[in-house]
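See structure below.
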Ligand code: DON
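In this note's numbering, the protein residues as written are 40 to 627.
Structure representation (C-alpha cells):
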C-alpha cells in the first residue's frame with residue numbers, strides 16, 4: 040500500500056468524523072420527562088438562532104433502569120438483562136457483546152475500551168482494557184525509509200493492537216457482575232446466529248467503508264455480490280456466532296487461546312501483521328482508581344491513563360471553576376474560556392500523559408485546583424494565547440459509548456473502540472470480527488500529528504506491551520448529595536473530552552435538561568492545530584466575529600462528538616442517545 044501524506048490522513052479523519060455523526064437516528068421510545076426535583080431545577084435553554092436543534096425536546100424516561108447506546112437492539116439487550124434481575128455491570132457487558140454483533144462499526148471484540156463503575160454501596164472502579172502494542176512492535180514501525188509517516192497505523196494488519204475487549208468485559212463481570220458470562224453473551228450469540236434485521240444506518244456505515252473492507256476478508260459477508268447488505272434484510276454472522284460460543288464456553292481463554300486465537304494469528308500471517316499467540320496470552324486488563332475531582336459541588340469520576348480523558352477533563356473543569364460565575368451560554372466569553380481552558384489541558388495531555396506502566400504521570404498535579412489557578416492567571420480575558428507561545432516553554436473514527444443505570448442504583452459508563460469505523464478493516468477469517476487500528480493513537484512519529492491531528496510527544500511513543508494514549512472519557516457525575524446524577528461519555532477521538540465535559544457543564548452550569556444538553560451546540564480546541572472548531576450554525580455570527588477579533592482561528596465543522604448519556608430526574612432517569620447520530624435509549 041502506498042504511504043498517505045499526513046494531510047490526507049487528517050482529511051480522512053475529518054471525513055470519518057463526519058460519517059460518524061451523520062447517520063440516521065433510529066429506534067427509541069420517547070416519553071415526556073416528569074418534572075424533576077432530585078437535581079437542581081432545570082432552566083429553559085437558549086440556543087443561537089442559526090442552530091438546527093430546538094431546545095425543549097423530550098428524553099426517554101424510565102422509572103427503574105435505562106441503557107443508552109448507539110444501537111437500539113443492543114440497548115434492549117442490556118435493558119432485558121436488568122429486567123431479569125441482572126445489575127448494571129451485567130447489562131453493560133451484555134450490551135458490549137451485542138454491539139459487537141449489531142454495531143460492527145465500533146462495537147467490538149477486536150478492540151478495547153474503558154469502563155467506569157459506581158456501585159450503589161459507594162464503591163467506585165475504573166477498568167482499563169485498552170489494546171497494547173504487540174511484542175514485536177518498534178518505535179519507528181510506521182515510518183518509511185525517508186522517516187515519513189505511512190498509513191500502516193490506520194489500515195491493514197500492522198495497525199492492530201492486541202485486543203482487550205473480551206478480557207475486559209469478562210473481568211468487569213467477574214468482579215462486579217452477578218450473572219455468568221454464558222448468560223450475558225447469549226443474546227449476542229443469538230443475534231449473530233439467527234440474525235437481525237438491519238436498518239439504513241447499518242448499511243450506510245458499511246457502504247462508506249466499502250473500499251477498505253473489501254480489501255480484506257470481510258468483503259463477501261458485508262458486500263455479497265459486490266453490494267452492501269441491504270436495509271430490511273436479516274443479517275447473520277455464523278463465524279462471529281462460533282467465536283462468541285467459544286467465549287461463552289471457555290471465558291476469555293476461548294478468545295486468547297485455542298482456535299479463535301489461532302485464526303487471529305493466521306490472519307496476521309496472511310496480511311503481514313505481527314500479533315502472535317504469545318501476545319494474546321500476555322494480555323491483561325488493569326483495574327485502576329478512577330480520576331476523582333469536584334466541580335462546583337458536584338463530584339466527577341472519570342477514566343485515568345491509559346486514557347487521557349479523565350485528567351484532561353478535570354484540568355479543564357478546574358480552570359473553569361476559577362471563574363466565580365459561568366459565562367452566559369453561547370456568549371463570546373463562554374466560547375473563549377472553553378477554548379483557552381481546553382487548549383491548556385490538551386497541551387498537558389499531549390506532552391505529559393501516556394501508559395503509566397511506562398512513564399510517570401503527574402496526575403495529582405494536573406488535577407489539582409492550585410495548578411488550575413496557576414494556569415488561569417495566564418489566560419487573557421480579551422485575547423487568545425497562540426498555542427505556539429505556550430508550547431515554547433514546554434517539552435517538545437470509530438468509537439462507541441454506552442451508559443447504564445440499574446434499578447439498584449449501580450451505574451456503568453463504558454467507551455469502547457476499534458478507532459476508525461471498522462478499525463483497520465481487517466476481518467479475521469474464520470472468527471468473524473474486525474480488528475482495531477488503535478496503533479495510530481501512539482505518537483508514531485513524536486511531534487507529528489496523528490489521524491486526529493493530535494501532536495503528541497515521547498511519552499506516547501511506541502514500545503512493545505505499551506498501551507497507546509486514549510481520549511476516551513467514560514464519566515459518572517454525582518450530585519452534592521452523593522447520588523449518581525449523570526452517566527456520560529462519547530466517541531470522536533479528542534473531541535470526546537471536550538464534548539463530554541460540555542454536557543457536564545451544560546447540566547451543572549446552565550441547568551439544561553439532558554435533552555437540551557445533548558442538543559446544545561459544541562466547541563472543540565485541542566491546542567494543536569491552534570483553532571477553535573464549532574458546529575455549523577452553533578455560534579452566533581456576532582460571537583464568531585468577536586472571537587476572531589480576539590485572535591481565535593475559527594473552524595466550522597459539520598458536527599462534533601457522538602455522546603450517549605443518562606441523567607437522574609424526578610421519579611427515574613432520562614436517557615438520550617446522540618441526536619447527531621443513531622442509537623436507542625431503552626428502559627423500564
Ligand atoms: O482512544 C481514542 O482516543 C481513539 N481511539 C478514539 C477513536 C474515536 O473516538 C473514533 N471515533 N469517532
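Built from N, CA and C at the ideal position, the CB exists for glycine as well.
For residue i versus residue j, is the C-beta spacing smaller than 9 angstroms?
i, j, result
"residue 234", "residue 312", "no"
"residue 39", "residue 574", "With the chain represented from 40 up to 627, any question about residue 39 goes unanswered, as that position is not in the structure."
"residue 562", "residue 374", "yes"
"residue 351", "residue 387", "yes"
"residue 454", "residue 535", "yes"
"residue 345", "residue 167", "yes"
"residue 616", "residue 109", "yes"
"residue 216", "residue 422", "no"
"residue 376", "residue 356", "no"
"residue 367", "residue 343", "no"
"residue 326", "residue 164", "yes"
"residue 526", "residue 625", "no"
Going by DSSP, what residue range makes up the alpha helix (DSSP H) through residue i?
i, result
"residue 136", "127-141"
"residue 385", "371-391"
"residue 348", "348-360"
"residue 585", "580-588"
"residue 614", "Segment 611-615 is the beta strand (DSSP E) holding residue 614; no alpha helix (DSSP H) there."
"residue 553", "553-558"
"residue 405", "402-405"
Nearest to residue i by CA position, among the options, is which residue?
i, options, result
"residue 99", "86, 466, 90, 114", "114"
"residue 336", "130, 534, 520", "520"
"residue 544", "87, 307, 353", "353"
"residue 152", "169, 162, 377", "169"
"residue 182", "504, 511, 489, 389", "489"
"residue 559", "441, 613, 549", "549"
"residue 333", "540, 261, 487, 430", "540"
"residue 522", "251, 430, 340", "340"
"residue 231", "141, 514, 572, 306", "141"
"residue 602", "328, 614, 304", "614"
"residue 323", "595, 530, 504, 513", "504"
"residue 133", "585, 451, 570, 255", "451"
"residue 546", "565, 515, 576, 530", "515"
Count the other CB atoms within 10 Å of the CB of residue i; is the residue buried (16 or more) or exposed (fewer)?
i, result
"residue 257", "buried"
"residue 76", "In this prediction, residue 76 has a pLDDT of 42, which is less than 50 and means its spatial position is unreliable; nothing more can be read from the coordinates."
"residue 495", "buried"
"residue 609", "exposed"
"residue 320", "exposed"
"residue 612", "buried"
"residue 226", "buried"
"residue 147", "buried"
"residue 81", "buried"
"residue 620", "buried"
"residue 277", "exposed"
"residue 236", "exposed"
"residue 442", "buried"
"residue 93", "exposed"
"residue 528", "buried"
"residue 157", "buried"
Put residue i into one of helix, strand or coil per three-state DSSP.
i, result
"residue 117", "helix"
"residue 595", "strand"
"residue 260", "helix"
"residue 321", "helix"
"residue 221", "helix"
"residue 167", "strand"
"residue 281", "helix"
"residue 642", "The first residue shown for the chain is 40 and the last is 627, placing residue 642 beyond what the model contains."
"residue 416", "helix"
"residue 298", "helix"
"residue 208", "helix"
"residue 292", "helix"
"residue 97", "coil"
"residue 430", "helix"
"residue 674", "The structure shown does not extend to residue 674, since the chain is modelled only from 40 through 627, so no value can be given for it."
"residue 188", "strand"
"residue 509", "strand"
"residue 482", "strand"
Can you tell me where the beta strand (DSSP E) with residue i in it begins and where it stops?
i, result
"residue 624", "623-626"
"residue 537", "Run containing residue 537: none in the beta strand (DSSP E); it sits in the alpha helix (DSSP H), 534-547."
"residue 573", "571-574"
"residue 341", "337-341"
"residue 154", "151-157"
"residue 239", "Careful: residue 239 lies outside any beta strand (DSSP E), inside the alpha helix (DSSP H) at 239-247."
Can you find a heavy atom of ligand 3 that lies under 8 angstroms from the Cβ of residue i?
i, result
"residue 461", "Although ligand 3 was asked about, the structure shown includes only ligand 1 as ligands."
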